[in-house]
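To start, the structure itself, in structure tokens.
In my numbering, the protein residues as written are 13 to 267.
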């Protein structure tokens, strides 16, 4: 009973800020207030009526999809190489690949800005995709390597001995077995890219605003609960799509 109460308090402590934000999205006042006064959906309607938010959400989604595709491809292949290379320098190379996790995003954003200004990629969508891919790829590498730690290389050797080529072995044997790690890395990559603000502020052109940038700009000049409505929709989307995906594909429990 005591353990149940402790767990309930912890869950409530973690969920309380989210619940407060969701509640303020329905208030009738022109600013977020908790408990909400009255009930209205006008702030949700205003999100869709404001083209700046919808356009920014579309750009964020497109950017996240491109970055996730690149991160999953490079991250999976890199993890395969690192897990099978046992020679000298493997630890150093692994640390280098995972180093973007340790660097502050403001340092990475400034470094990319200086580099892009020299090669002509500043303010371009391609530059944003590359920047987001650099941030997200290490997470894919880490999660795929976790899946590979339980992978038996004898399965691949058996497929090769039966005449399967490298690509056929990878797509029909290796990839299905490490799929939980790849999918988990893809989910992490998409969320990180969609939510990234600092690097995007450095690299985006003046007319290229993602949803985090639009939210950041909006809260500086307005206190309307519109942002609470956007946050509520993102939470609901994750609950309806992300949680079932996690339960179906990302569980690493063996049956």
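Ideal Cβ positions, reconstructed from N, Cα and C, are used throughout, including at glycine.
- In the displayed model, residue 53 falls within coil according to three-state DSSP, outside both helix and strand.
- Approximately 12 Å separates the beta-carbon atoms of residue 85 and residue 153; this is outside 8 Å, ruling out the contact.
- The alpha helix (DSSP H) runs lying completely inside the segment 186-245 and spanning 4 residues or more are 191-207, 210-215 and 223-233, given in chain order.
- When the alpha-carbon of residue 240 is set against those of 162, 170, 74 and 54, the nearest one is in 54.
- Closest in C-alpha terms to residue 110, from the list 94, 123 and 124, comes 94.
- The Cβ-Cβ distance between residue 185 and residue 168 falls below 7 Å.
- Its Cα nearest to that of residue 217, the residue 135 stands out among 135, 224, 231 and 193.
- Around the beta-carbon of residue 76, 16 or more other beta-carbon atoms lie within 10 Å, marking it buried.
- Residue 113 has its alpha-carbon roughly 15 Å from the corresponding atom of residue 104.
- The C-alpha of residue 165 is placed about 13 Å away from the C-alpha of residue 97.
- Taking C-beta separations shorter than 8 Å and ignoring five residues to either side along the sequence, the partners of residue 71 in its chain run 220, 221, 222 and 223, following chain order.
- At a Cβ-Cβ threshold of 7 Å, residue 87 and residue 40 do not count as neighbours.
- Shown here, residue 48 sits in coil according to DSSP, grouped into three states, outside any helix or strand.
- Under the three-state reduction of DSSP, residue 43 is assigned to coil, being neither helix nor strand.
- For a cut-off of 8 Å, the C-beta gap from residue 124 to residue 215 is around 6 Å, short enough to register as a contact.
- Note that the C-beta distance between residue 46 and residue 36 is below 7 Å.
- For residue 70, the enclosing alpha helix (DSSP H) covers residues 63-96.
- The criterion of a C-beta distance shorter than 7 Å is not satisfied by residue 210 and residue 80.
- Residue 159 is not a Cβ neighbour of residue 188, given a cutoff of 7 Å.
- When only Cα atoms are considered, residue 121 and residue 78 end up about 19 Å apart.
- Taking every protein chain shown into account, the CB of residue 29 has fewer than 16 other CB atoms within 10 angstroms, so this residue is exposed.
- Nearest Cα to residue 198 within the set 119, 173, 83 and 138: 83.
- Between the C-alpha atoms of residue 129 and residue 142 there is a straight-line separation of about 14 Å.
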